[in-house]
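Chemist: Encoded as structure tokens, here's the structure I'll be asking about.
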DNA sequence: AACAATAATGATAATTGTTACTATTATTAT
DNA sequence: ATAATAATAGTAACAATTATCATTATTGTT
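Protein chains in written order, with the numbering used here: chain A, 3 to 130; chain B, 3 to 130.
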């Protein structure tokens, strides 16, 4: 990583993101990093989340519910958004490369990839 | 539509959305409606876009590129976002209902639907 | 270990996209 | 025409995010 120096704050952000499956927003990352670094700034959180997402170390999820969410697992995978509680959950399914082929049919551009967001009712909301 | 009255401004917004394939942002809708209604307000545009999207008369697209976009065609269909120019293009492919079945495997919640956004290089950016 | 180069920070201001408020105007049913 | 009420324009407020900048931390070099 040319021109990038280590920082305790960035490491704390990575550590927190890797410790949770909750797909937190920048605000939630901030709240949690502040437990160990009480005077970290929200700007630092945003700056590092952007840096890490640009580097491909984390994933940014735009679910259309106000703020972006982040995922410490950078490997492409699929997500589910609960229509009821807004929770975002990882889905354990294989990459659906074949849909890129479907999309490419009759399209003059080049398909490089896709993002999919499934929605419905999550397990917790189903049983309560 | 209970409790909803006609308005020239709302009709102009619908007319503009149905006249374009460009998936405009609220700001772009505003700019274009102002050609015929020079003192329409941006708040009116937002209010009506939200109303129409809630009623299912138009589609709201959240592509993660700053502002939401809108589509005068409310029938569910798929979109492509150009990594280079940011243009959003309709894809003419069939609904991929089968991916909901894939997603449901091993998931304890209920899958009700999905949104997919393909990305890559659009035809115009490819040839220039 | 001190030093120099420069990346990162905290604090805060600024920006952007969007929503809320309110007095006035437009639509619609009677 | 009238009355009821939805919609408007204009503006203020808001939330999420980015920019600015003086200070601090990291890192490679002597």
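Cβ atoms here follow ideal geometry from the backbone N, Cα and C, with glycine treated the same way.
Quantities reported herein were computed from a predicted structural model and do not represent experimental measurements.
Can the beta-carbon of residue 15(B) be found less than 8 Å from the beta-carbon of residue 104(A)?
Modeler: No, they are not a contact pair.
Chemist: Residue 94(A) versus chain B: which residues are under 7 Å apart at the beta carbon?
Modeler: Result: 108.
Chemist: Would you call the segment 33-42 of chain A in contact with the segment 28-38 of chain B, where contact means no fewer than 3 C-beta pairs closer than 8 Å?
Modeler: The segment 33-42 of chain A vs the segment 28-38 of chain B: no contact.
Chemist: Please compile the residues from chain A whose C-beta is within a distance smaller than 7 Å of the C-beta of residue 68(B).
Modeler: Residues of chain A passing the Cβ test: none, with the nearest at roughly 10 Å.
Chemist: From this set, 9(A), 113(A), 99(A), which residue's C-alpha is nearest residue 47(A)'s C-alpha?
Modeler: Measuring from the Cα of residue 47(A), the nearest candidate turns out to be 9(A).
Chemist: Helix, strand or coil for residue 67(A) per DSSP?
Modeler: The answer is coil: DSSP assigns residue 67(A) none of H, G, I, E or B.
Chemist: Buried or exposed for residue 26(B), going by 16 or more other Cβ atoms inside 10 Å?
Modeler: Result: buried.
Chemist: Any idea if residue 118(B) is buried or exposed, counting beta-carbon neighbours within 10 angstroms, 16 or more meaning buried?
Modeler: Buried, by the Cβ-count rule.
Chemist: My guess is that residue 19(A) and residue 109(B) are in contact by the Cβ rule of under 8 Å, so how many angstroms apart are they, rounded?
Modeler: About 23 Å; that fails the 8 Å criterion.
Chemist: If you drop the 5 nearest sequence neighbours on each side, which residues of the same chain put their C-beta closer than 8 Å to that of residue 44(A)?
Modeler: The residues are 28, 29, 32.
Chemist: I think residue 129(B) touches residue 86(B), with their Cβ atoms under 8 Å apart; what is that distance to the nearest whole Å?
Modeler: Wrong, their Cβ atoms sit about 12 Å apart, outside the cutoff.
Chemist: In whole angstroms, what separates the C-alpha of residue 22(B) from that of residue 41(A)?
Modeler: Taking the straight line joining both Cα atoms gives about 49 Å.
Chemist: What residues in the segment 20-50 of chain B have a beta carbon less than 7 Å from any beta carbon of chain A?
Modeler: From the segment 20-50 of chain B, no residue has a Cβ closer than 7 Å to chain A.
Chemist: Do you know whose CA, among 63(B), 53(B), 107(B), lies nearest residue 79(B)'s CA?
Modeler: Among 63(B), 53(B), 107(B), the Cα nearest to that of residue 79(B) is on 63(B).
Chemist: List the residues of chain B that residue 128(A) touches, going by C-beta distances under 8 Å, in chain order.
Modeler: Those within 8 Å of residue 128(A) in chain B are 110, 111, 112.
Chemist: Roughly how many angstroms lie between the CA atoms of residue 114(A) and residue 6(A), to the nearest whole one?
Modeler: About 28 Å.
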